[in-house]
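These notes concern the structure reproduced below.
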Amino acid sequence: MRVHSLGYLVVSSTDVAAWRTFGTDVLGLMPGRQDDERELWLRTDERCQRVVVEAADVDEVHAIGWELCNDLDLEGLLATFDEQGIAWERPDGLAARRGVEDLVRVTDPAGYVLEFFWGMQVDPSGFASPAGVSGFVTGRSGLGHVVLASAPFEESDAFYRRTLEFGLTDFAVMDGVRAHFLHTNQRHHSLALIGAPKDAWFVRGGLIHLMVQLNTLTDVGRALGRAEAAGCSFFETIGEHANDRMTSFYVNSPAGFPIEVGAGAIDIDPEGWTAVNLPAPDEWGHKILGAEQ
Ligand SMILES: [Fe+2]
2 MRVHSLGYLV VSSTDVAAWR TFGTDVLGLM PGRQDDEREL WLRTDERCQR VVVEAADVDE
62 VHAIGWELCN DLDLEGLLAT FDEQGIAWER PDGLAARRGV EDLVRVTDPA GYVLEFFWGM
122 QVDPSGFASP AGVSGFVTGR SGLGHVVLAS APFEESDAFY RRTLEFGLTD FAVMDGVRAH
182 FLHTNQRHHS LALIGAPKDA WFVRGGLIHL MVQLNTLTDV GRALGRAEAA GCSFFETIGE
242 HANDRMTSFY VNSPAGFPIE VGAGAIDIDP EGWTAVNLPA PDEWGHKILG AEQ
């Protein structure tokens, strides 16, 4: 695999304070060293940031950070981009602003800004959730997963699977829409591509969702209670996915797109995995509420 894992998400926000409250009180993320009205870092582990919220005049996903193991892997990726004529840039000072050693930017076929990086700083203060979450599953599995509105689907799929060498875990056609679930490590999927445009009804703030995985089902239940108590709106009720077997709920973030909060997902063996067709997305639950709100 060229890419190790999902590293971070960068969000543009008209209300950084709302993200601080939502991120810490509801999700249980820990504020990082950037914590003011212009920029907020939120942490799920020992890393200095996992979600970056930047003040802006729009509420939407700004960039998706993909982590590589080291400088040589990034060099190899850039050589591939050059061979394939894929444009990349290394914006001045951006690596330092993200707390990483080096970073390059690419735009994917659907228009998402990707930041490929290595060498993120560890925050010496350690990790303690302000809401008492026992912990987030990261490490070898990365931050979690993102689900993208990936029209044009064929081009997006070729970019992630042929150029970036993400592995196909499973696939489905749901209500006529194609979905590919892709892995870069033992996490069942770090990325899902949905063959829909960004103006589809289930896309808000440019993203379909971000998933973070908690250590235990008790953590998920407590997070659901905090979200209800805070008056959050939900995109889907709690349920269990058929593919990664995650039990999760979907709470709407201040950017509009939901955050899937779950636990209990299976790990896969990325070397020996064979792709399967899995047409039914859920074992139980996950009633969609988003269209009603
Ligand atoms: Fe998900």
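The sequence shown begins at 2 in the numbering used here and counts up by one. All residues carry an ideal CB built from backbone N, CA and C; glycine is no exception.
Alpha-carbon spacing of F203 relative to G291, whole angstroms:
Near 7 Å, if we compare the C-alpha coordinates of G291 and F203.
Would a C-beta distance cut-off of 8 Å place R3 and L79 closer than the cut-off?
Going by C-beta atoms, R3 is not nearer than 8 Å to L79.
Any heavy atom of ligand 1 closer than 7 Å to the beta-carbon of H148?
Checking the sequence, you will find Val at residue 148 rather than His. Yes; taking the cut-off as 7 Å, the Cβ of V148 has a heavy atom of ligand 1 nearer than that.
Determine, using beta carbons only, whether V101 and F82 come nearer to each other than 8 Å.
no
Ligand 1 heavy atoms versus the CB of E237: any closer than 7 Å?
no
Hey, E284 and A243: beta-carbon distance below 8 Å or not?
yes
When we look at the beta-carbon of A159 and count the other beta-carbons within 10 Å, is it buried (16 or more) or exposed?
Taking all protein chains in view, the Cβ of A159 is surrounded by fewer than 16 other Cβ atoms within 10 Å, so the residue is classified as exposed.
Mark Q294 as exposed unless 16 or more other C-beta atoms lie within 10 angstroms of its C-beta, in which case mark it buried.
At Q294, the pLDDT of 48 sits below 50, so the modelled position is not reliable; the number obtained from the coordinates is stated separately. Q294 is exposed by the Cβ-count criterion.
Reduced DSSP secondary structure (H/G/I, E/B, other) of F117:
strand
State the Cα-Cα distance for the pair I65 and P110, rounded to the nearest angstrom.
14 Å
Give me whichever residues DSSP pairs with M212 in a beta bridge.
H146 and E261
According to DSSP, which residues form a beta bridge with I289?
By DSSP's assignment, I289 forms a beta bridge with E237.
Among residues of its own chain, excluding the 5 on either side of Q122, which ones have a beta-carbon nearer than 6 Å to its beta-carbon?
C49 and G100
D26 by DSSP, collapsed to three states: which one?
helix
Any idea what DSSP makes of Q85, helix, strand or coil?
helix
Name, in chain order, the residues that DSSP records as bridge partners for I298.
Residue 298 falls outside the range modelled here, since the chain spans only 2 to 294, and no answer is possible.
Taking the continuous beta strand (DSSP E) assigned at T170, which residues delimit it?
G168 to M175
Cutting at 7 Å between CB atoms, please list the residues of its own chain near V178, excluding the five before and the five after it.
I195, G196 and A197
Anyone know if the C-beta pair for V134 and L10 falls short of 8 Å?
no
Assuming T170 and L149 form a contact by the criterion Cβ under 8 Å, report the distance between their Cβ atoms to the nearest whole angstrom.
So it is not a contact: roughly 15 Å between Cβ atoms.
Top-ranked residue by Cα proximity to V262, from V52, V27 and N71:
Considering only alpha carbons, the answer is V27.
Could you tell me if the beta carbon of E241 falls within a distance shorter than 7 Å of some heavy atom in ligand 1?
Proximity of the beta carbon of E241 to ligand 1 is not indicated: no heavy atom of the ligand is located closer than 7 Å.
If I measure Cβ to Cβ from S157 and keep anything under 6 Å in the same chain, skipping five residues before and after, which residues do I get?
The residues are P110, A111, S151 and L194.
As assigned by DSSP and simplified to three states, the class of R188:
strand
Kindly indicate which residue of T248, L7, P255 and G265 has the alpha-carbon position closest to the one of H287.
When only C-alpha atoms are compared, the closest one is T248.
Might you give, ordered along the chain, the residues of its own chain that have their beta carbon closer than 8 Å to the beta carbon of M31, omitting 5 neighbours on each side?
T25, L43, R44, T45, F128, A129, S130 and P131
Considering only residues of the same chain and omitting the five flanking positions on each side of R1, which have a CB-CB separation below 6 Å?
Since the first residue of the chain shown is 2 and the last is 294, residue 1 is not available in this structure.
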